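**Q** If you scroll down you'll find the structure; I have some questions about it.
2 protein chains.
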Amino acid sequence: MTETLRRILLASRPEGAPRAENFRLEEVPLPQPGPGEVLVKAEFMSLDPYMRGRMDAGESYAEPIAVGAPMQGGAVGEVLLSNHAGFAPGDKVLGMFGWASHGCLPGEELQKLDAGLAPLSLALGALGMPGFTGWHGLTAYGRPKAGETLVVAAATGPVGAMVGQLAKAAGLRVVGLAGGADKCALAVETFGFDACLDHRAYASAQALRGALAEACPEGIDIYFENVGGRVLEAVLPLMNRFGRIPVCGMIAWYDGAAESGLSAPALWRRVLVKHLCVTGFIISNHYDRYGTFLKELGPRVASGQIRYLEDVAEGLETAPAAFMAMLKGGNTGKQVVKIA
Amino acid sequence: MTETLRRILLASRPEGAPRAENFRLEEVPLPQPGPGEVLVKAEFMSLDPYMRGRMDAGESYAEPIAVGAPMQGGAVGEVLLSNHAGFAPGDKVLGMFGWASHGCLPGEELQKLDAGLAPLSLALGALGMPGFTGWHGLTAYGRPKAGETLVVAAATGPVGAMVGQLAKAAGLRVVGLAGGADKCALAVETFGFDACLDHRAYASAQALRGALAEACPEGIDIYFENVGGRVLEAVLPLMNRFGRIPVCGMIAWYDGAAESGLSAPALWRRVLVKHLCVTGFIISNHYDRYGTFLKELGPRVASGQIRYLEDVAEGLETAPAAFMAMLKGGNTGKQVVKIA
Numbered sequence: 001m002t003e004t005l006r007r008i009l010l011a012s013r014p015e016g017a018p019r020a021e022n023f024r025l026e027e028v029p030l031p032q033p034g035p036g037e038v039l040v041k042a043e044f045m046s047l048d049p050y051m052r053g054r055m056d057a058g059e060s061y062a063e064p065i066a067v068g069a070p071m072q073g074g075a076v077g078e079v080l081l082s083n084h085a086g087f088a089p090g091d092k093v094l095g096m097f098g099w100a101s102h103g104c105l106p107g108e109e110l111q112k113l114d115a116g117l118a119p120l121s122l123a124l125g126a127l128g129m130p131g132f133t134g135w136h137g138l139t140a141y142g143r144p145k146a147g148e149t150l151v152v153a154a155a156t157g158p159v160g161a162m163v164g165q166l167a168k169a170a171g172l173r174v175v176g177l178a179g180g181a182d183k184c185a186l187a188v189e190t191f192g193f194d195a196c197l198d199h200r201a202y203a204s205a206q207a208l209r210g211a212l213a214e215a216c217p218e219g220i221d222i223y224f225e226n227v228g229g230r231v232l233e234a235v236l237p238l239m240n241r242f243g244r245i246p247v248c249g250m251i252a253w254y255d256g257a258a259e260s261g262l263s264a265p266a267l268w269r270r271v272l273v274k275h276l277c278v279t280g281f282i283i284s285n286h287y288d289r290y291g292t293f294l295k296e297l298g299p300r301v302a303s304g305q306i307r308y309l310e311d312v313a314e315g316l317e318t319a320p321a322a323f324m325a326m327l328k329g330g331n332t333g334k335q336v337v338k339i340a
Numbered sequence: 341m342t343e344t345l346r347r348i349l350l351a352s353r354p355e356g357a358p359r360a361e362n363f364r365l366e367e368v369p370l371p372q373p374g375p376g377e378v379l380v381k382a383e384f385m386s387l388d389p390y391m392r393g394r395m396d397a398g399e400s401y402a403e404p405i406a407v408g409a410p411m412q413g414g415a416v417g418e419v420l421l422s423n424h425a426g427f428a429p430g431d432k433v434l435g436m437f438g439w440a441s442h443g444c445l446p447g448e449e450l451q452k453l454d455a456g457l458a459p460l461s462l463a464l465g466a467l468g469m470p471g472f473t474g475w476h477g478l479t480a481y482g483r484p485k486a487g488e489t490l491v492v493a494a495a496t497g498p499v500g501a502m503v504g505q506l507a508k509a510a511g512l513r514v515v516g517l518a519g520g521a522d523k524c525a526l527a528v529e530t531f532g533f534d535a536c537l538d539h540r541a542y543a544s545a546q547a548l549r550g551a552l553a554e555a556c557p558e559g560i561d562i563y564f565e566n567v568g569g570r571v572l573e574a575v576l577p578l579m580n581r582f583g584r585i586p587v588c589g590m591i592a593w594y595d596g597a598a599e600s601g602l603s604a605p606a607l608w609r610r611v612l613v614k615h616l617c618v619t620g621f622i623i624s625n626h627y628d629r630y631g632t633f634l635k636e637l638g639p640r641v642a643s644g645q646i647r648y649l650e651d652v653a654e655g656l657e658t659a660p661a662a663f664m665a666m667l668k669g670g671n672t673g674k675q676v677v678k679i680a
């Protein structure tokens, strides 16, 4: 067996929305694990909006990916060879293998998964980084109280679905936003949102605001921010006094500073006048709480009390197209790529 | 004695910076206190930036002042007549008398002052709303830690001076901004700031940022926001990860949404990427902590450990001019008007 490692590189930096030519697939000899290292065959890799930021040269969540270097990201797979006492062939693990068929990392950088708890790919979604993002952001910065109203966009995605379900369980009115009537129906029927608006159905931020105002008759107490752009513009004037805005992303603005009907002074003024608390966060700074999250959410996801949706692209080579589609809202649930 | 009540009305709404014709002085018969009411002769009235917001028709901290109605604001004075058991002639009190020679209010809306604690006018400054704003914003939202760096503008004003001195006492590096070399010298010499930059000496936000970066070699952990505008634009890229921004005002933006080199997407992105916590607040929502503040700060102000500066305009009729000058940074310390 002369297996090779296939991986996708950042071929060039995108200008605006990423295009196919920004990515390149390469094949290299399969690495042999050095001392303390573990070789893993990837089964699923994750596609997440944050990856868009790392394609740019500017400061973002983390260091930019160098042009010519492999695209970074989380993946789950099975150990093939191990030079680390903590891992044996056959173990299922999570690690930052990048967009690749295999990963070869120090054992310290891998997390062993309980294959019996839930399907493996959930470690990339509902029980992984996105679900954890929703749980941490909501509990630490959203501070939900029964009877309040929460709004979250990308309602069927892995962050929005987690936030919405947790808030609903905590006794809040939960209003989602999603792109398309099908996703809106899913948000209500599958995830129990009280209402979900199709942001594509409104020609302007003002029109969207009108619909939101109807769906949130008592205003908005928590806006869980993962999109920015027109949704933020629509939401902001509806925020109640002492409202909270956890900010985990702004996918609408990742392709460069689009024009916005919202000015910085107007945004700042609203924060002041309504006594808003806005907290940006990067979930990688908070993994000290991940054990608590898993303990609390693992059983609820396993039992079906907290639900999830997955979009699975087939084959590593489909990752760029799936990623580009996701940035345009083409996915419904958590976007993963099935590799092996 | 046929004393009259003199007061200043909002004659018209300003377009941009307020002008003399937006105000009108009128004289009316002195009111007689009704049941439970107290008639007070004003000694000092307060001029504060927040008053600018109330001159506009739009939503601000509170209801707009109606055109033709008296300008609102706090004042201190002496009780002349009392129909309330809690007050007797000669008592010194604080109340919202507006821009007026006398106030006639229910006793419940007055606060009796300890005339022996400190000069009466301090109830409008260091020991009043502005000092309380600085203390509450810093302790509740700034969460200072020794060794960190804090930046605050209007450094010699009653909010900035309180924030700077409290932060300095807590072991922070404190860098101020003020308009003019004289104020900067005062910030350092009188209030103990480590450095103070004259924002007028820099032609652009970029130039100001360069100077701030030198004055804050380890970045900025707390930006106590009371000005907005170019200072915010200069400060934002220097904020450290997990920085805090209490927002109590934005005087640079009160005269309408000026152009800003800062876009809403850029502002939002910085909040996310640097994990900033931005909290707007209106101090009137927090008077449950005022007793604690007075107990803690009263002795420190009385002993001279916490210092203050006052600008005193003479005569009610000078209030509009003093107010307009203050909005342009013409004052050095707390601006009050001596009425009687």
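Protein sequence lines, in the order shown, are assigned to chains A and B. Count the first sequence with our numbering and you get residues 1 to 340, in order. Count the second sequence with our numbering and you get residues 341 to 680, in order. Built from N, CA and C at the ideal position, the CB exists for glycine as well. Note that the coordinates shown come from a computational prediction; the quantities given were computed from them, not determined experimentally.
#1: Taking the runs of the alpha helix (DSSP H) that are 4 residues or longer, which of them lie wholly in the region 138-172 of chain A?
#2: Can you find a CB in chain B that lies within less than 8 Å of the CB of A/Pro-265?
#3: Might you give, ordered along the chain, the residues of its own chain that have their beta carbon closer than 7 Å to the beta carbon of B/Ile-560, omitting 5 neighbours on each side?
#4: If distances are taken between C-alpha atoms only, which option among A/Met-96, A/Ala-11 and A/Glu-218 comes closest to A/Pro-344?
#5: Which of helix, strand or coil does DSSP assign to B/Leu-365?
#6: Just the C-alpha distance for B/Gly-669 and B/Ala-662, rounded to the nearest angstrom, thanks.
#7: Which residues in the same chain have their Cβ closer than 8 Å to the Cβ of B/Pro-404, if we skip the five residues on either side of it in sequence?
#8: Please determine if the region 612-625 of chain B and the region 420-433 of chain B are in contact, where contact requires at least 3 C-beta pairs separated by less than 8 Å.
#9: Check B/Glu-654 in the structure and name its three-state DSSP category.
#10: When DSSP labels each residue in this structure, what does B/Ser-461 get in the three-state scheme?
#11: Less than 8 Å between the C-beta atoms of A/Asp-194 and A/Gly-180, yes or no?
#12: Using a Cβ-Cβ distance under 8 Å, would A/Leu-346 count as near chain B?
#13: Of all the alpha helix (DSSP H) runs that stay within the bounds of the region 513-576 of chain B, which reach a length of 4 or more residues?
#14: Considering just the uninterrupted stretch of the alpha helix (DSSP H) at A/Phe-132, what are its terminal residues?
#15: Among A/Gly-68, A/Lys-338 and A/Met-45, which one has its Cα closest to the Cα of A/Ser-12?
#16: Under the assumption that B/Cys-588 contacts B/Glu-565 (Cβ atoms under 8 Å), give the Cβ distance between them as a whole number of angstroms.
#17: Tell me which same chain residues have a C-beta within less than 6 Å of the C-beta of B/Ala-680, skipping the five on either side of it?
#18: Residues of the region 529-542 of chain B in Cβ contact with chain A at a cutoff of 7 Å, in chain order, please.
#19: With distances taken Cα to Cα, identify the nearest neighbour of A/Ala-20 among A/Val-28, A/Leu-10, A/Glu-27 and A/Pro-29.
#20: Report all residues from its chain with a CB closer than 7 Å to the CB of B/Glu-366; omit the five preceding and five following residues, and keep chain order.
#21: Starting from A/Arg-7, trace the beta strand (DSSP E) in both directions and tell me its first and last residue.
#22: Flag this pair as yes or no: are the beta carbons of A/Gly-210 and A/Lys-334 separated by less than 8 Å?
#23: Counting only C-beta atoms, is A/Val-247 closer than 8 Å to chain B at any point?
#24: Identify the residues that DSSP records as bridge partners of A/Phe-44: which are they?
#25: Out of B/His-424, B/Val-567, B/Glu-657 and B/Arg-609, point me to the one whose CA is closest to B/Pro-375's CA.
#26: Are the region 472-489 of chain B and the region 497-516 of chain B in contact at 8 Å, needing three or more beta carbon pairs?
#27: Output yes if chain A places a C-beta closer than 8 Å to the C-beta of B/Ser-386; else output no.
#28: Measure from the alpha carbon of A/Ile-306 to the alpha carbon of each residue in A/Gly-134, A/Cys-184 and A/Ala-178, then state which is nearest.
#29: With a threshold of 8 Å between beta-carbons, can B/Leu-548 be considered close to chain A, or not?
#30: By DSSP, does B/Val-407 sit in helix, in strand, or in coil?
#31: Taking 7 Å as the line, does the beta carbon of A/Lys-41 fall inside it for any heavy atom of the ligand PLP?
#32: Go to A/Met-324, then tell me how far its beta strand (DSSP E) extends in each direction, as first and last residue.
#33: With 8 Å set as the bound, which would you pick, yes or no: does the beta-carbon of B/Thr-473 sit closer than that to a beta-carbon of chain A?
#34: Indicate whether B/Gly-569 and B/Ala-604 have their beta-carbon atoms separated by less than 8 Å.
#35: For the region 619-637 of chain B, enumerate the residues whose C-beta is nearer than 9 Å to any C-beta of chain A, in chain order.
#36: With a 10 Å radius around its C-beta and 16 neighbouring C-beta atoms as the bar for buried, classify B/Gly-315 as buried or exposed.
**A** In terms of the structure at hand:
#1: 158-169
#2: yes
#3: Thr-489, Val-491, Val-575, Leu-578, Met-579, Asn-580 and Gly-583
#4: There is simply no residue 344 of chain A to check, as chain A begins at 1 and stops at 340 in what is shown.
#5: strand
#6: 10 Å
#7: Arg-394, Met-395, Asp-396, Ala-397 and Gly-398
#8: no
#9: strand
#10: helix
#11: no
#12: Chain A is shown from 1 up to 340; residue 346 of chain A falls before or after that span and cannot be answered.
#13: 521-529, 545-555 and 569-575
#14: 129-136
#15: A/Gly-68
#16: 7 Å
#17: Lys-381 and Glu-383
#18: none
#19: A/Leu-10
#20: Arg-347 and Leu-349
#21: 4-10
#22: no
#23: yes
#24: A/Val-76 and A/Lys-338
#25: B/His-424
#26: yes
#27: no
#28: A/Gly-134
#29: no
#30: coil
#31: In the structure on display, the ligand PLP does not appear, and there are no ligands present to speak of.
#32: Per DSSP, A/Met-324 belongs to no beta strand (DSSP E); it is in the alpha helix (DSSP H), 319-327.
#33: no
#34: no
#35: Thr-619, Gly-620, Phe-621, Ile-622 and Asn-625
#36: Residue 315 of chain B falls outside the range modelled here, since chain B spans only 341 to 680, and no answer is possible.
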